[in-house]
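Q: Chains as they are written, first to last, in my numbering: chain A, 54 to 311; chain B, 54 to 311.
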DNA sequence: TATCATTATATACCTTAATACATAACGCTA
DNA sequence: TAGCGTTATGTATTAAGGTATATAATGATA
């Protein structure tokens, strides 16, 4: 059993952007005319023209710009607004696909039930959510130690309950998100040690923002990758912007999401 | 602009369960016959019969049981398997609706973009995910202190970055999830204090599971509500099952999801 | 001014899915 | 055995989309 689903954006209760029309718009973008696009899709010119007309009249801003007559008989181009819509639709569709994939994974056909263990349409407050690969799993009865490799090559360890690992169907090679609350990331001078340990990550302080009690420190750790740490202001008196610093994270404080 | 989407379960690549058929099945469940159900929906008897026939032949187990002739001319009833499917579909649909709602919220029509800030089709490892209501928000430049009221009336405080609160569009009255890793929940005898504070929550130990280093403690806090805590085994030597205990949670360790 | 590829528009046709309607078959009941 | 309400099955009709096809209209160009 698989889960199938369409994604339609409506405007004033009427279908506005749907998969077929998106395909058509991409073809128009590529070929510069409705008639050529219709041939490629394929669909009848009339349907194509009507689709474009409906979209344009539903949209607050034109999506395509048509010219009749002229050098090559005219043509049709996608407006900037239209291009932004296409990009956005692609993002939405990707998120939607992800959702469906997870939904499919949780369906249990044998007994006609779906094991929805926890909510999984969830946006989480944590500032640090890093894409990572599970490269090793160490099980004990209660806990589970995950070795993670981030996109920039960095290695991290995460401790979660065994139960949690099973619910997420974690296995070596699985791509997950390492989720860390910013106050669980400790930022100190590179020369420091915390509990006898060197920092897991190094980087440059990009920005410090303080109020009386707390400070937010944004650290650039390279590869166009930023880490947000929140510390009490009196603990970071010896830190300045542009300084090279170390970041410490307790494996206990790394949540896993997928 | 709103996001619309259908939810269809397929079997062997053919539509199996779709909204219309689910409605029909519910009507059959209520009225005990295809013909009455068809009148109620409303749809033609033939379509209804065909829908039922297709579902039954696609399903690995019969979804409905039909009788022809007899006392009241026969009738149609939903099998246990069918009822389980209906319940499961409802769960899926709810999750799907949640997803669409969030997706709609993140669409920004003015400039034709969608602000997908973070991944939000995310299942998170944390064992404790509690439904809560935001009853107060206290902002500073960096941080944001949320007062949360759980379904069972319990009050909790959560500290997250201001940025995070803004990204989640948090406001008073908003329903969210308080997400807490089990090793951030400290379980001690009721008489104890941690950093001079009484426990936020009380409950009975339902189960303790230990390996050499760590123990998982499941605490029943009433209202059919369970909390999972993971502590080092040597710290809970004075705890037993059925004992009444206190639970301490650092507001820093409570993530917010929605 | 004739040519050209295109947009813009209309009409007839085809396909699909649903409805409407008709009719068997069934098995208990009076 | 006739009556009944239902399942089971077939056929004709309708409605909605799309296709196929034809025809203006357009405006640069040779």
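All C-beta atoms in this analysis are idealised placements derived from N, C-alpha and C, irrespective of residue type, glycine included.
Determine whether the Cβ of residue 175(B) lies closer than 7 Å to any Cβ atom of chain A.
A: Yes, its Cβ sits closer than 7 Å to a Cβ of chain A.
Q: For residue 255(A), report the span of its beta strand (DSSP E) as first-last.
A: 254-263
Q: Beta strand (DSSP E) containing residue 280(A): first to last residue?
A: 279-285
Q: Does any residue of chain A bring its CB to less than 7 Å from the CB of residue 108(B)?
A: no
Q: Provide the residue span of the alpha helix (DSSP H) that contains residue 224(A), from first to last.
A: Run containing residue 224(A): none; DSSP gives neither H nor E here.
Q: To the nearest angstrom, how far is it from the Cα of residue 199(A) to the Cα of residue 279(B)?
A: 25 Å
Q: Does DSSP put residue 182(B) in a helix, in a strand, or in coil?
A: strand
Q: With a threshold of 16 other CB atoms inside 10 Å of the CB of residue 65(B), please say whether the residue is buried or exposed.
A: A residue is called buried once 16 or more other Cβ atoms fall within 10 Å of its Cβ, and residue 65(B), having fewer, is exposed.
Q: Assuming residue 142(A) and residue 70(A) form a contact by the criterion Cβ under 8 Å, report the distance between their Cβ atoms to the nearest whole angstrom.
A: Contact flag correct, Cβ pair sits at about 6 Å.
Q: Please work out which residues of its chain come closer than 7 Å, Cβ to Cβ, to residue 97(A), disregarding the five sequence neighbours upstream and downstream, and give them in chain order.
A: 91
Q: For residue 216(A), does the count of other Cβ atoms within 10 angstroms reach 16, so buried, or fall short, so exposed?
A: buried
Q: At a cut-off of 6 Å, is residue 236(B) close to the ligand FAD when judged by its beta-carbon and the heavy atoms of the ligand?
A: The ligand FAD is not part of this structure, which contains no ligands at all.
Q: For residue 236(A), is the classification buried or exposed, using 16 other Cβ atoms within 10 angstroms of its Cβ as the cut-off for buried?
A: buried
Q: Go through its chain and collect everything with a Cβ distance to residue 102(B)'s Cβ below 6 Å, but skip five positions before and after it.
A: 87
Q: DSSP on residue 54(B), reduced to helix/strand/coil?
A: coil
Q: Would you list the residues sitting across from residue 231(A) in a DSSP beta bridge?
A: 183(A) and 309(A)
Q: Could you tell me whether any Cβ in chain A is nearer than 7 Å to the Cβ of residue 96(B)?
A: no
Q: Give the DSSP-derived three-state secondary structure of residue 147(A) in the structure shown.
A: DSSP places residue 147(A) in helix when its eight states are reduced to three.
Q: Taking only the alpha-carbon atoms, compute the straight-line gap between residue 111(A) and residue 60(B) and give it to the nearest angstrom.
A: About 25 Å.
Q: Name the two residues that bound the continuous beta strand (DSSP E) containing residue 62(A).
A: 61-64
Q: Residue 304(B): which of 120(B), 250(B), 79(B) and 194(B) sits nearest, CA to CA?
A: The residue with the shortest Cα to Cα distance from residue 304(B) is 250(B).
Q: Could you name the residues of the same chain whose beta carbon sits closer than 8 Å to that of residue 57(B), not counting the 5 residues immediately before and after it, in chain order?
A: 153
Q: What are the start and end residues of the beta strand (DSSP E) that includes residue 196(A)?
A: 196-203
Q: What does residue 264(A) touch in chain B if you count any residue whose Cβ is under 7 Å from its own?
A: 193, 194 and 195
Q: Taking residue 235(A) as the query, report the chain B residues whose CB atoms sit under 7 Å from its CB, ordered along the chain.
A: 214
Q: Interface residues of chain A around residue 155(B) at Cβ under 8 Å?
A: 174 and 176
Q: Just to confirm, are residue 310(B) and residue 177(A) a CB contact at a threshold of 7 Å?
A: In this structure, residue 177(A) lies closer than 7 Å to residue 310(B) by Cβ.
Q: DSSP state of residue 95(A), grouped into three classes?
A: coil
Q: For residue 300(A), which residues of its own chain have a beta-carbon under 8 Å away from its beta-carbon, when the five flanking residues on both sides are left out?
A: 238, 239, 240, 252, 253, 254, 255, 256, 272, 274, 280 and 282
Q: From the DSSP output, in three-state form, read off residue 243(B) for me.
A: coil
Q: Please confirm whether residue 139(A) and residue 104(A) have their CB atoms less than 7 Å apart.
A: no
Q: Report the three-state DSSP secondary structure of residue 238(B) (helix, strand or coil).
A: Note: residue 238(B) maps to strand in three-state DSSP.
Q: Do you know how far the Cα of residue 183(A) is from the Cα of residue 260(A)?
A: Spanning the two alpha carbons is a distance of roughly 20 Å.
Q: Measuring CB to CB, does residue 132(A) end up less than 7 Å from residue 115(A)?
A: With respect to residue 115(A), residue 132(A) sits close: the two C-beta atoms are nearer than 7 Å.
Q: Identify the continuous alpha helix (DSSP H) that holds residue 78(B) and give its terminal residues.
A: 72-84
Q: According to DSSP, simplified to helix, strand and coil, what is residue 68(B)?
A: In the structure shown, residue 68(B) sits in a strand (DSSP, three-state: E or B).
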